[in-house]
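The next block holds one structure in the form of C-alpha coordinates; read it before the comments.
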Amino acid sequence: MNSDQAGSSGTQGGRRTSVLVVDDDPHLLKALRITLQAHGYAVESASDGGTAVRAASHRPPDVMILDLGLPDLDGAEVLREVRRWSNLPVLVLSARHGSSDKVDALDAGADDYITKPFGLDELLARLRALLRRVPDPASAPTVAASSFTVDLAQRQVTRDGDVVRLTPTEWNILELLVRNPARLVTQQQLLLDVWGPAYQTEANYLRVYMAQLRRKLEADPGKPRHLLTEPGVGYRFMP
(Lines of atoms letter the chains of each structure in order from A; the text may use other names.)
(Lines give C-alpha, C1' and ligand atoms only; values in the text may rest on other atoms or scores of the structure.)
Protein backbone atom coordinates (compact mmCIF):
# COMPACT_ATOMS: atom_id res chain seq x y z
CA MET A 1 0.00 0.00 0.00
CA ASN A 2 1.06 3.54 -0.58
CA SER A 3 -0.52 6.96 -0.32
CA ASP A 4 0.38 10.50 -1.16
CA GLN A 5 -3.04 11.73 -0.08
CA ALA A 6 -3.59 13.15 3.37
CA GLY A 7 -6.48 14.73 5.19
CA SER A 8 -9.30 12.51 3.92
CA SER A 9 -12.18 12.74 6.35
CA GLY A 10 -13.52 9.81 8.36
CA THR A 11 -16.42 11.71 9.87
CA GLN A 12 -20.14 11.83 9.19
CA GLY A 13 -22.34 14.47 10.75
CA GLY A 14 -19.66 15.31 13.31
CA ARG A 15 -19.03 11.71 14.39
CA ARG A 16 -16.35 9.25 13.36
CA THR A 17 -17.30 6.88 10.57
CA SER A 18 -17.05 3.25 11.69
CA VAL A 19 -15.26 0.71 9.51
CA LEU A 20 -15.18 -3.05 10.02
CA VAL A 21 -12.03 -4.48 8.40
CA VAL A 22 -12.08 -8.24 7.80
CA ASP A 23 -8.83 -9.96 6.78
CA ASP A 24 -6.82 -12.92 8.07
CA ASP A 25 -3.48 -11.17 7.45
CA PRO A 26 -2.51 -9.63 10.82
CA HIS A 27 0.01 -7.29 9.24
CA LEU A 28 -2.54 -5.89 6.80
CA LEU A 29 -5.13 -5.59 9.58
CA LYS A 30 -2.69 -3.60 11.69
CA ALA A 31 -1.66 -1.38 8.78
CA LEU A 32 -5.25 -0.64 7.81
CA ARG A 33 -6.26 0.06 11.41
CA ILE A 34 -3.41 2.54 11.92
CA THR A 35 -3.97 4.28 8.60
CA LEU A 36 -7.76 4.49 8.79
CA GLN A 37 -7.63 5.77 12.37
CA ALA A 38 -5.11 8.40 11.26
CA HIS A 39 -7.67 9.53 8.67
CA GLY A 40 -10.39 9.88 11.31
CA TYR A 41 -12.19 6.54 11.06
CA ALA A 42 -13.26 4.38 14.00
CA VAL A 43 -11.96 0.90 13.18
CA GLU A 44 -12.96 -2.57 14.30
CA SER A 45 -11.27 -5.66 12.88
CA ALA A 46 -12.02 -9.35 12.44
CA SER A 47 -9.72 -12.12 11.24
CA ASP A 48 -12.37 -14.69 10.28
CA GLY A 49 -15.84 -14.80 8.80
CA GLY A 50 -17.77 -15.85 11.89
CA THR A 51 -16.35 -12.99 13.93
CA ALA A 52 -17.11 -10.59 11.09
CA VAL A 53 -20.78 -11.59 10.89
CA ARG A 54 -21.23 -11.25 14.65
CA ALA A 55 -19.50 -7.87 14.70
CA ALA A 56 -21.54 -6.55 11.77
CA SER A 57 -24.82 -7.55 13.40
CA HIS A 58 -24.05 -6.56 16.99
CA ARG A 59 -22.38 -3.22 16.24
CA PRO A 60 -23.35 -2.35 12.67
CA PRO A 61 -20.53 -0.38 11.03
CA ASP A 62 -20.98 2.36 8.47
CA VAL A 63 -18.91 0.38 5.96
CA MET A 64 -17.14 -2.99 5.74
CA ILE A 65 -13.83 -3.83 4.05
CA LEU A 66 -13.95 -7.57 3.38
CA ASP A 67 -11.25 -9.96 2.18
CA LEU A 68 -12.45 -12.93 0.15
CA GLY A 69 -9.85 -15.41 1.43
CA LEU A 70 -10.77 -16.14 5.04
CA PRO A 71 -9.86 -19.24 7.07
CA ASP A 72 -13.37 -20.38 8.07
CA LEU A 73 -15.79 -18.93 5.52
CA ASP A 74 -15.23 -17.62 2.04
CA GLY A 75 -15.68 -13.86 1.97
CA ALA A 76 -18.56 -14.26 -0.47
CA GLU A 77 -20.35 -16.45 2.10
CA VAL A 78 -19.87 -13.76 4.73
CA LEU A 79 -21.25 -11.20 2.31
CA ARG A 80 -24.31 -13.30 1.46
CA GLU A 81 -25.04 -13.78 5.17
CA VAL A 82 -24.72 -10.07 5.93
CA ARG A 83 -26.92 -9.21 2.95
CA ARG A 84 -29.76 -11.26 4.46
CA TRP A 85 -30.33 -8.49 7.00
CA SER A 86 -28.18 -5.45 6.19
CA ASN A 87 -27.53 -2.98 3.35
CA LEU A 88 -24.27 -1.65 4.76
CA PRO A 89 -21.75 -0.70 2.03
CA VAL A 90 -19.12 -3.41 1.46
CA LEU A 91 -15.78 -2.94 -0.27
CA VAL A 92 -14.29 -6.31 -1.19
CA LEU A 93 -10.51 -6.66 -1.40
CA SER A 94 -8.67 -9.74 -2.55
CA ALA A 95 -5.54 -11.09 -4.15
CA ARG A 96 -7.74 -12.89 -6.69
CA HIS A 97 -7.50 -11.10 -10.02
CA GLY A 98 -9.86 -13.21 -12.13
CA SER A 99 -12.96 -11.50 -13.49
CA SER A 100 -15.13 -14.41 -12.32
CA ASP A 101 -14.13 -13.72 -8.70
CA LYS A 102 -15.12 -10.08 -9.10
CA VAL A 103 -18.45 -11.07 -10.64
CA ASP A 104 -19.12 -13.58 -7.84
CA ALA A 105 -18.38 -10.96 -5.18
CA LEU A 106 -20.61 -8.36 -6.84
CA ASP A 107 -23.39 -10.90 -7.30
CA ALA A 108 -23.13 -11.77 -3.59
CA GLY A 109 -23.79 -8.14 -2.74
CA ALA A 110 -20.46 -6.28 -2.82
CA ASP A 111 -20.70 -2.57 -3.62
CA ASP A 112 -17.14 -2.26 -4.94
CA TYR A 113 -14.04 -4.37 -5.49
CA ILE A 114 -10.31 -3.68 -5.21
CA THR A 115 -7.44 -6.12 -5.76
CA LYS A 116 -4.23 -6.53 -3.76
CA PRO A 117 -1.79 -4.88 -3.82
CA PHE A 118 -3.65 -1.60 -3.76
CA GLY A 119 -2.81 2.04 -3.20
CA LEU A 120 -4.11 3.51 0.01
CA ASP A 121 -5.24 6.67 -1.75
CA GLU A 122 -7.47 4.55 -4.01
CA LEU A 123 -8.86 2.63 -1.02
CA LEU A 124 -9.73 5.86 0.81
CA ALA A 125 -11.34 7.31 -2.32
CA ARG A 126 -13.48 4.20 -2.78
CA LEU A 127 -14.56 4.36 0.88
CA ARG A 128 -15.60 7.98 0.48
CA ALA A 129 -17.53 7.13 -2.68
CA LEU A 130 -19.39 4.29 -0.93
CA LEU A 131 -20.29 6.46 2.04
CA ARG A 132 -21.69 9.18 -0.19
CA ARG A 133 -24.29 6.70 -1.47
CA VAL A 134 -25.88 6.05 1.92
CA PRO A 135 -27.56 8.39 4.39
CA ASP A 136 -25.73 9.31 7.58
CA PRO A 137 -27.09 6.96 10.29
CA ALA A 138 -26.67 9.73 12.87
CA SER A 139 -29.29 11.76 11.05
CA ALA A 140 -32.03 9.33 12.15
CA PRO A 141 -31.08 7.81 15.52
CA THR A 142 -34.74 7.45 16.53
CA VAL A 143 -37.15 4.92 15.04
CA ALA A 144 -40.86 5.49 15.62
CA ALA A 145 -43.62 2.91 15.45
CA SER A 146 -47.30 3.57 16.14
CA SER A 147 -47.14 2.44 19.76
CA PHE A 148 -43.48 2.94 20.75
CA THR A 149 -40.28 4.83 19.89
CA VAL A 150 -36.73 3.47 19.91
CA ASP A 151 -33.85 5.89 20.49
CA LEU A 152 -30.82 3.99 19.23
CA ALA A 153 -28.36 6.64 20.34
CA GLN A 154 -29.66 6.67 23.93
CA ARG A 155 -30.49 2.93 23.93
CA GLN A 156 -33.95 3.78 25.23
CA VAL A 157 -37.52 2.81 24.37
CA THR A 158 -40.57 4.91 25.20
CA ARG A 159 -44.28 4.14 24.98
CA ASP A 160 -46.94 6.79 25.51
CA GLY A 161 -44.23 9.10 26.84
CA ASP A 162 -42.99 6.64 29.44
CA VAL A 163 -39.66 4.81 29.39
CA VAL A 164 -40.06 1.06 28.86
CA ARG A 165 -37.64 -1.00 30.89
CA LEU A 166 -36.03 -3.72 28.78
CA THR A 167 -33.57 -6.38 29.85
CA PRO A 168 -30.19 -6.35 28.05
CA THR A 169 -31.27 -9.40 26.04
CA GLU A 170 -34.58 -7.80 25.04
CA TRP A 171 -32.73 -4.66 23.94
CA ASN A 172 -30.20 -6.61 21.88
CA ILE A 173 -32.98 -8.41 20.02
CA LEU A 174 -34.99 -5.25 19.45
CA GLU A 175 -31.96 -3.24 18.32
CA LEU A 176 -31.00 -5.77 15.66
CA LEU A 177 -34.57 -5.85 14.31
CA VAL A 178 -35.02 -2.07 14.38
CA ARG A 179 -31.71 -1.45 12.62
CA ASN A 180 -33.00 -3.56 9.73
CA PRO A 181 -36.55 -2.27 9.17
CA ALA A 182 -38.82 -4.45 7.03
CA ARG A 183 -35.98 -6.95 6.55
CA LEU A 184 -36.18 -10.57 7.61
CA VAL A 185 -33.69 -11.35 10.37
CA THR A 186 -33.28 -15.11 10.67
CA GLN A 187 -33.57 -17.07 13.89
CA GLN A 188 -29.97 -18.24 13.42
CA GLN A 189 -28.69 -14.69 13.07
CA LEU A 190 -30.51 -13.48 16.18
CA LEU A 191 -29.35 -16.46 18.24
CA LEU A 192 -25.77 -16.07 17.01
CA ASP A 193 -25.68 -12.36 17.75
CA VAL A 194 -27.48 -12.33 21.10
CA TRP A 195 -26.48 -15.64 22.67
CA GLY A 196 -23.50 -16.90 20.64
CA PRO A 197 -22.74 -19.85 18.33
CA ALA A 198 -23.58 -22.53 20.92
CA TYR A 199 -27.26 -21.47 20.89
CA GLN A 200 -28.06 -21.38 17.18
CA THR A 201 -30.64 -24.17 17.46
CA GLU A 202 -32.40 -22.80 20.56
CA ALA A 203 -35.35 -21.17 18.80
CA ASN A 204 -37.40 -21.46 22.00
CA TYR A 205 -35.24 -18.68 23.50
CA LEU A 206 -36.44 -16.31 20.80
CA ARG A 207 -40.10 -17.25 21.20
CA VAL A 208 -39.96 -16.42 24.92
CA TYR A 209 -38.20 -13.08 24.48
CA MET A 210 -40.28 -12.00 21.48
CA ALA A 211 -43.44 -12.66 23.52
CA GLN A 212 -42.01 -10.45 26.30
CA LEU A 213 -41.18 -7.66 23.86
CA ARG A 214 -44.66 -7.75 22.36
CA ARG A 215 -46.26 -7.55 25.80
CA LYS A 216 -44.18 -4.48 26.56
CA LEU A 217 -44.39 -2.71 23.18
CA GLU A 218 -47.34 -3.81 21.07
CA ALA A 219 -50.82 -2.32 21.52
CA ASP A 220 -52.25 -5.80 20.98
CA PRO A 221 -49.57 -8.43 21.72
CA GLY A 222 -51.77 -11.17 20.29
CA LYS A 223 -51.99 -9.36 16.96
CA PRO A 224 -48.62 -7.58 16.63
CA ARG A 225 -48.23 -4.82 14.06
CA HIS A 226 -44.49 -4.21 14.35
CA LEU A 227 -42.69 -7.28 15.72
CA LEU A 228 -43.71 -9.93 13.21
CA THR A 229 -42.92 -13.63 13.02
CA GLU A 230 -41.97 -15.35 9.79
CA PRO A 231 -42.86 -18.93 10.89
CA GLY A 232 -39.90 -21.25 11.01
CA VAL A 233 -37.56 -18.62 9.54
CA GLY A 234 -37.15 -15.52 11.66
CA TYR A 235 -38.58 -12.13 12.62
CA ARG A 236 -39.21 -8.78 11.00
CA PHE A 237 -39.67 -5.24 12.34
CA MET A 238 -42.25 -3.22 10.44
CA PRO A 239 -42.25 0.51 11.37
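Just so you know, the UniProt record's numbering puts the end of the sequence shown at 239, numbered straight through with nothing missing. The C-beta atom is built at its ideal place from N, Cα and C for all residues, glycine as well.
CB contact flag (residue i, residue j, <8 Å)
{"i": "E170", "j": "Y209", "result": "yes"}
{"i": "G75", "j": "D67", "result": "yes"}
{"i": "L177", "j": "R54", "result": "no"}
{"i": "L227", "j": "L213", "result": "yes"}
{"i": "D111", "j": "L130", "result": "yes"}
{"i": "T115", "j": "S100", "result": "no"}
{"i": "N172", "j": "V194", "result": "yes"}
{"i": "P60", "j": "L88", "result": "yes"}
{"i": "A42", "j": "T17", "result": "yes"}
Residue closest to residue i, alpha-carbon to alpha-carbon, out of the options
{"i": "H58", "options": "I65, A125 and E44", "result": "E44"}
{"i": "G109", "options": "L174, V92 and T167", "result": "V92"}
{"i": "D160", "options": "L174, R225, A144 and L73", "result": "A144"}
{"i": "A52", "options": "L73, G40 and R33", "result": "L73"}
Rounded straight-line distance, which links the Cα of residue j to that of residue i
{"i": "T158", "j": "R165", "result": "9 Å"}
{"i": "I65", "j": "L106", "result": "14 Å"}
{"i": "L206", "j": "Q187", "result": "8 Å"}
{"i": "K216", "j": "A153", "result": "20 Å"}
{"i": "R126", "j": "P117", "result": "15 Å"}
{"i": "L70", "j": "A46", "result": "10 Å"}
{"i": "P197", "j": "T142", "result": "30 Å"}
{"i": "R133", "j": "V19", "result": "15 Å"}
{"i": "V150", "j": "P224", "result": "17 Å"}
{"i": "R155", "j": "A203", "result": "25 Å"}
{"i": "T162", "j": "Y113", "result": "According to the sequence as given, residue 162 is Asp; it is not Thr. Each residue's alpha carbon lies about 47 Å from the other."}
{"i": "R128", "j": "K102", "result": "20 Å"}
{"i": "G40", "j": "L174", "result": "30 Å"}
{"i": "L29", "j": "T167", "result": "35 Å"}
{"i": "E122", "j": "R33", "result": "16 Å"}
Nonlocal neighbours in the same chain, by C-beta distance under 6 Å from residue i, ignoring five residues either side
{"i": "R183", "result": "W85"}
{"i": "G232", "result": "none"}
{"i": "G7", "result": "Low per-residue confidence applies at G7: pLDDT is 39, beneath 50, and the placement is therefore not dependable, though the value from the model is reported in the following sentence. Excluding sequence neighbours, G7 sits near nothing in its chain."}
{"i": "residue 241", "result": "Residue 241 falls outside the range modelled here, since the chain spans only 1 to 239, and no answer is possible."}
Beta-carbon proximity list for residue i, same chain, < 7 Å, skipping 5 on both sides
{"i": "E230", "result": "L184 and R236"}
{"i": "E77", "result": "G49"}
{"i": "P221", "result": "R214 and R215"}
8 Å contact criterion, which residue i and residue j should meet: CB distance rounded
{"i": "D25", "j": "D48", "result": "Actually they do not touch by this definition, with Cβ atoms about 12 Å apart."}
{"i": "A211", "j": "S147", "result": "Between S147 and A211 the Cβ distance is about 16 Å, and since that is not below 8 Å, they are no contact."}
{"i": "V82", "j": "A56", "result": "5 Å"}
Cβ shell of residue i (< 8 Å), same chain only, five flanking positions each side left out
{"i": "D104", "result": "A76"}
{"i": "P239", "result": "V143, A144, A145, P181, A182 and H226"}
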